[in-house]
Amino acid sequence: MRVPMPRPPDCNAALVLADGSVFWGRGLGAIGTAIGEVCFNTAVTGYQEILTDPSYAGQIIAFTFPHIGNVGTNREDLETTTPAVRGLVLRTPITEPANYRAAHRSKAGSNPMVLSGSRGSTRGG
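Residues in the sequence shown are numbered consecutively from 181, following our numbering.
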């Protein structure tokens, strides 16, 4: 059994795996607990579609691309009106949009749970 890494002072959220590994980070969006299968996604674009695609229902998505949010969001790229994923793990905070199609800034609050920060996605207990 692993001894969990103590919570770093700048972290307020944790991703806890079935084997007891704990990944600390900063929570964004909704406050609460989400349970789901952690999956990674290597897409460079399409994060809005991934977060609202019903095929990702029940999953916690860990994006490997570091600039989530740089395209913003718009109505045309929604797969459903409600996020399908249970959570989102990012290495860096959501960035400001820099795309002509952006109608809105990507909002962490529209996702059930977001764990952001290098500690949250790169180092375990």
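Cβ atoms here follow ideal geometry from the backbone N, Cα and C, with glycine treated the same way.
Computed from a predicted structure; not experimentally measured.
Counting only runs that start and end inside the segment 204-252, the beta strand (DSSP E) elements of at least 3 residues fall at 217-221, 239-243. The C-alpha of L258 lies about 16 Å from the C-alpha of I248.
Nearest in C-alpha terms to R266, of all of G226, P273, P234, P188, is P234. Contact holds between the segment 261-277 and the segment 213-220, because three or more Cβ pairs, one in each stretch, are under 8 Å apart. Where A194 is concerned, the enclosing beta strand (DSSP E) starts and stops at 193-196. L195 counts as buried, since no fewer than 16 other beta carbons sit within 10 angstroms of its beta carbon.
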